[in-house]
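Visitor: Before I ask anything, here is the structure I am working with.
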Amino acid sequence: MSNTYSEVWDLDVFFEGGSDSPDFAEHLKSADEKITQFKNEVESWQPADQVSEGARLASLVEIFDGAARKVRQAGAFVSCLHAQNTGDKKAGQLKAAVTEISASLQTALTIFDQKLSSFSESVWEELVQEGLLEELRFVLTERRERAAEKLSEKEESAINSLSVDGYHGWGQMYDVLVGNTKINYKEESLSVGQAANKLSDADRSVRKEIFAQWEKAWGEQEDFYAKTLNHLAGFRLNVYKLRGWEDVLKEPLDINRMKKETLDAMWEVISDNKEPFVQFLNRKAKLLGLEKLSWYDLDAPIGNTESKMSYQEGADFIVDNFEQFGKEMADFAKMAFENKWIEAEDRPGKAPGGFHTFFPESSQSRIFMTYSGTPSNVSTLAHELGHGFHTYAMRDQHLLNRNYAMNVAETASTFAEMIVSDASVKNAKTKEEKLSLLEDKIQRSVALLMNIHSRFLFETKFYEERKQGIVNPERLGELMENAQTEAYGGALEEYHPLFWASKLHFFITGVPFYNFPYTFGYLFSLGIYALAQEEGKGYEEKYIALLKDSASMTVEDLAQKHLNVDLTKKDFWEKAVRMCVEDVEEFMALTE
Numbered sequence: 001m002s003n004t005y006s007e008v009w010d011l012d013v014f015f016e017g018g019s020d021s022p023d024f025a026e027h028l029k030s031a032d033e034k035i036t037q038f039k040n041e042v043e044s045w046q047p048a049d050q051v052s053e054g055a056r057l058a059s060l061v062e063i064f065d066g067a068a069r070k071v072r073q074a075g076a077f078v079s080c081l082h083a084q085n086t087g088d089k090k091a092g093q094l095k096a097a098v099t100e101i102s103a104s105l106q107t108a109l110t111i112f113d114q115k116l117s118s119f120s121e122s123v124w125e126e127l128v129q130e131g132l133l134e135e136l137r138f139v140l141t142e143r144r145e146r147a148a149e150k151l152s153e154k155e156e157s158a159i160n161s162l163s164v165d166g167y168h169g170w171g172q173m174y175d176v177l178v179g180n181t182k183i184n185y186k187e188e189s190l191s192v193g194q195a196a197n198k199l200s201d202a203d204r205s206v207r208k209e210i211f212a213q214w215e216k217a218w219g220e221q222e223d224f225y226a227k228t229l230n231h232l233a234g235f236r237l238n239v240y241k242l243r244g245w246e247d248v249l250k251e252p253l254d255i256n257r258m259k260k261e262t263l264d265a266m267w268e269v270i271s272d273n274k275e276p277f278v279q280f281l282n283r284k285a286k287l288l289g290l291e292k293l294s295w296y297d298l299d300a301p302i303g304n305t306e307s308k309m310s311y312q313e314g315a316d317f318i319v320d321n322f323e324q325f326g327k328e329m330a331d332f333a334k335m336a337f338e339n340k341w342i343e344a345e346d347r348p349g350k351a352p353g354g355f356h357t358f359f360p361e362s363s364q365s366r367i368f369m370t371y372s373g374t375p376s377n378v379s380t381l382a383h384e385l386g387h388g389f390h391t392y393a394m395r396d397q398h399l400l401n402r403n404y405a406m407n408v409a410e411t412a413s414t415f416a417e418m419i420v421s422d423a424s425v426k427n428a429k430t431k432e433e434k435l436s437l438l439e440d441k442i443q444r445s446v447a448l449l450m451n452i453h454s455r456f457l458f459e460t461k462f463y464e465e466r467k468q469g470i471v472n473p474e475r476l477g478e479l480m481e482n483a484q485t486e487a488y489g490g491a492l493e494e495y496h497p498l499f500w501a502s503k504l505h506f507f508i509t510g511v512p513f514y515n516f517p518y519t520f521g522y523l524f525s526l527g528i529y530a531l532a533q534e535e536g537k538g539y540e541e542k543y544i545a546l547l548k549d550s551a552s553m554t555v556e557d558l559a560q561k562h563l564n565v566d567l568t569k570k571d572f573w574e575k576a577v578r579m580c581v582e583d584v585e586e587f588m589a590l591t592e
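Counting in full-length UniProt numbering, the sequence shown runs from 1 upward without gaps.
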């Protein structure tokens with residue numbers, strides 16, 4: 001038995017004193033100085049169209065590196081402060097301060113990118129032939145090409161500055177609204193996170209009541225949420241229009257380094273394979289003694305095997321099973337548990353959800369979640385540790401080569417989750433337990449192939465309608481319900497029309513279309529997982545090589561190089577979805 005792990009993380013190792021930390025105030029000051037230095041250097045740089053500019057460019061990249069590390073360190077710290085205690089008002093102020101310095105770094109980068117795009121093609125090709133610039137060739141070329149598709153440096157800088165109080169301001173408005181949202185249940189006033197946990201309660205009357213209160217709480221504020229969502233979309237669409245971008249998917253696809261053909265192939269295969277999942281949902285309804293499932297039944301446990309694992313047991317289970325795959329991954333997880341990198345305590349006042357964040361100056365990760373011992377908590381913990389392992393695998397890469405996009409960001413996390421949920425199913429002691437764990441695993445496929453699909457369908461339609469003007473709350477509800485009906489193949493009796501208001505993902509300003517990358521990452525990692533199972537223990541080395549490349553090539557090239565597959569064709573996606581369907585088939589056979 002290992003030592004007892006702390007359920008509370010250690011943030012003092014970065015800056016002592018939480019949101020009142022004098023060290024952190026110092027850090028923000030020095031981040032600001034570094035950004036100013038980078039900005040001044042970039043502004044005074046008048047690149048001549050010749051290869052001799054290479055040395056200057058390399059030195060600018062290094063100055064940027066120093067500034068970006070400071071900003072990321074600060075961003076990670078404030079997101080941890082805010083998550084561990086949503087009532088920490090000072091953390092909210094600090095978050096705003098970090099947003100502001102991030103924006104000034106973005107502005108300097110915009111100028112830098114514009115200057116990169118001033119080199120002629122032939123000189124550029126020669127510039128990136130050696131040393132640091134060759135190592136960063138893909139990312140720098142990408143920055144230069146993107147800059148060429150944008151407005152002038154002056155206009156883009158203006159957009160960046162205005163977005164602090166405009167675009168990002170609306171995003172923060174949403175956070176404030178959610179922080180103040182309380183779900184009333186019996187005598188309790190629950191936070192959003194606490195209420196969400198009750199939607200997987202075994203007692204249907206509890207779920208039904210919580211869901212009714214849930215809808216009521218979001219419904220009471222729907223005007224605010226609708227206004228926020230409309231302004232976020234309006235800001236984005238206006239910027240796209242100015243840049244001459246027709247397709248709302250252009251930016252998310254660019255960010256994810258992915259072709260439209262790949263996205264289309266993936267959704268097409270998913271749409272063609274809904275039937276087994278609809279059958280699964282119908283079977284689940286039957287097992288719960290229902291005609292049809294409602295939204296609040298989706299996470300209901302089947303059977304009465306309340307297999308709970310203490311935090312300690314969950315941690316040991318994860319480490320042991322990572323060990324089956326590879327030593328490096330297991331050692332990483334052990335280190336995270338031992339060094340208090342994880343905030344898992346179940347207490348009021350914490351933010352909902354879970355995340356992983358990285359402190360580049362300290363080369364450490366932090367993981368946030370609320371652990372109450374359910375199988376899905378164990379999965380979440382493994383998932384976030386997967387994110388941590390991804391950044392750990394890339395620790396020797398240059399910061400610019402570590403900016404992996406969200407679609408591959410979900411690869412390592414899903415992979416880690418698969419290892420653990422597969423092991424859980426195999427280790428089940430009884431048929432009941434096996435069923436319950438298998439169901440938990442299939443739930444993930446339902447979430448990624450149905451729930452996320454509904455979000456994608458909703459958002460695509462919403463953006464089209466938003467081009468014509470403001471979309472009112474009633475219409476948002478209709479769009480949401482239509483999207484859910486289509487994505488779930490009509491399998492549910494009651495849907496969640498206010499999902500658009502309750503889902504943070506629609507309000508995130510960092511990345512547009514915060515949905516399809518999850519499904520991509522899930523299926524992509526299933527493809528890798530299939531390979532890992534074929535190859536056995538020696539695969540870890542190849543896996544790490546793939547993770548290292550995950551931020552310096554397109555996903556199509558990554559898949560071609562490391563998996564030898566073409567993502568724009570359906571075959572790869574069909575194989576991956578097939579793995580999900582096999583779980584359903586096993587479930588159906590066990591419940592005949």
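Glycine is no exception: its CB is placed at the ideal position from the N, C-alpha and C atoms.
Report yes if the C-beta distance between residue 214 and residue 255 is below 9 Å; otherwise report no.
Guide: The residue given as residue 214 occupies position 214 in the sequence shown. The residue given as residue 255 occupies position 255 in the sequence shown. Against a cut-off of 9 Å, the Cβ pair of residue 255 and residue 214 comes out as no contact.
Visitor: Less than 9 Å between CB atoms is the rule here; does residue 274 satisfy it with respect to chain B?
Guide: In the displayed structure, chain B is absent; only one protein chain is listed.
Visitor: Inspect the CB distances between the stretch 115-130 and the stretch 378-396 and report whether three or more fall short of 8 Å.
Guide: Too few Cβ pairs lie closer than 8 Å, so no.
Visitor: Between 208, 310, 506, 392, which lies nearest to residue 5 when the distance is taken from Cα to Cα?
Guide: The sequence position of residue 5 within the sequence shown is 5, counting from 1. Residue 310 is the option with its Cα nearest to residue 5.
Visitor: What would DSSP say about residue 356, mapped onto helix, strand or coil?
Guide: Numbered from its first residue, the sequence shown carries residue 356 at position 356. Reduced to three states, the DSSP call for residue 356 is strand.
Visitor: With H, G and I counted as helix, E and B as strand and the rest as coil, what does DSSP make of residue 366?
Guide: Start at 1 with the first residue of the sequence shown, and residue 366 comes out as number 366. Strand at residue 366.
Visitor: Which residue's Cα is closest to the Cα of residue 559: 427, 435, 407, 428?
Guide: Counting from 1 along the sequence shown, the entry for residue 559 is found at position 559. Nearest C-alpha to residue 559: 407.
Visitor: What does residue 183 pair with, by DSSP beta-bridge criteria?
Guide: Looking up residue 183 in the sequence shown gives position 183. Per DSSP, 190.
Visitor: Among 503, 580, 555, which residue has its Cα nearest to the Cα of residue 517?
Guide: Within the sequence shown, residue 517 is the residue found at index 517, counting from 1. Of the listed residues, the one whose Cα sits closest to residue 517 is 555.
Visitor: Throw me the rounded Cβ distance for the residue 79 and residue 277 pair, which I believe falls under 8 Å.
Guide: Here residue 79 refers to the residue found at position 79 of the sequence shown. Here residue 277 refers to the residue found at position 277 of the sequence shown. The Cβ separation is near 34 Å, so there is no contact.
Visitor: Whose CA, out of 207, 352, 257, lies closest to the CA of residue 86?
Guide: Working through the sequence shown from its first residue, we reach residue 86 at position 86. Minimum Cα distance to residue 86 is reached at 352.
Visitor: With DSSP as the reference, label residue 449 as helix, strand or coil.
Guide: The sequence position of residue 449 within the sequence shown is 449, counting from 1. Looking at residue 449 - three-state DSSP - the assignment turns out to be helix.
Visitor: Mind pulling the alpha helix (DSSP H) runs of 4 or more residues that sit fully within the stretch 503-570?
Guide: Listed in chain order, they are 516-535, 540-549, 555-563.
Visitor: Would you kindly work out how many angstroms separate the C-alpha atoms of residue 328 and residue 486, rounded to a whole number?
Guide: Here residue 328 corresponds to residue number 328 of the sequence shown, with the count starting at 1. Here residue 486 corresponds to residue number 486 of the sequence shown, with the count starting at 1. Roughly 42 Å separates the two Cα atoms.
Visitor: In chain order, what residues of the same chain have a beta carbon less than 7 Å from the beta carbon of residue 375, not counting five sequence neighbours either side?
Guide: Locating residue 375 in the sequence shown gives position 375, where the first residue counts as 1. If we look at residue 375 and ignore the five residues flanking it on each side, its Cβ neighbours are 307, 424, 437, 440.
Visitor: Out of 562, 568, 42, state which residue places its alpha-carbon closest to the alpha-carbon of residue 539.
Guide: Taking the sequence shown and counting its residues from 1, the one referred to as residue 539 is at position 539. Out of 562, 568, 42, 562 has the C-alpha closest to the C-alpha of residue 539.
Visitor: From the DSSP output, in three-state form, read off residue 1 for me.
Guide: The sequence position of residue 1 within the sequence shown is 1, counting from 1. Caution applies to residue 1, whose pLDDT of 46 falls short of 50 and renders its modelled position unreliable; the model cannot decide the point.
Visitor: Compute the Euclidean distance between the alpha carbons of residue 345 and residue 40, then round it to the nearest angstrom.
Guide: Counting from one through the sequence shown, the residue named residue 345 turns up at place 345. Counting from one through the sequence shown, the residue named residue 40 turns up at place 40. Cα-Cα distance, rounded: 45 Å.
Visitor: Count the other CB atoms, across all protein chains shown, that sit within 10 Å of the CB of residue 1; report buried if there are 16 or more and exposed otherwise.
Guide: Taking the sequence shown and counting its residues from 1, the one referred to as residue 1 is at position 1. Its pLDDT being 46, under 50, residue 1 is placed unreliably in this model, and the coordinates cannot settle the point.
Visitor: In chain order, what residues of the same chain have a beta carbon less than 8 Å from the beta carbon of residue 60, not counting five sequence neighbours either side?
Guide: For the purposes of this step, residue 60 is taken as residue 60 along the sequence shown, with counting starting at 1. Contacts found: 38, 41, 42, 45, 112.
Visitor: Cα-Cα, which of 73, 62, 501, 573 is closest to residue 23?
Guide: The residue you call residue 23 lines up with position 23 of the sequence shown. Checked all of 73, 62, 501, 573; the closest Cα to residue 23 is 73.
Visitor: Could you check where the alpha helix (DSSP H) with residue 82 kicks off and where it finishes?
Guide: To locate residue 82, count along the sequence shown from 1; it is residue 82. It spans 54-84 - the alpha helix (DSSP H) in which residue 82 sits, taken as one unbroken run.
Visitor: What does the Cβ neighbour count give for residue 8, buried or exposed, with the cut at 16 atoms within 10 Å?
Guide: Counted from its first residue, the sequence shown places residue 8 at position 8. Looking at its Cβ environment, which holds fewer than 16 other Cβ atoms inside 10 Å, residue 8 is exposed.
Visitor: Is there contact between the stretch 454-465 and the stretch 172-183, where contact requires at least three CB pairs shorter than 8 Å?
Guide: No, because fewer than three Cβ pairs between the stretch 454-465 and the stretch 172-183 fall closer than 8 Å, the two stretches do not touch.
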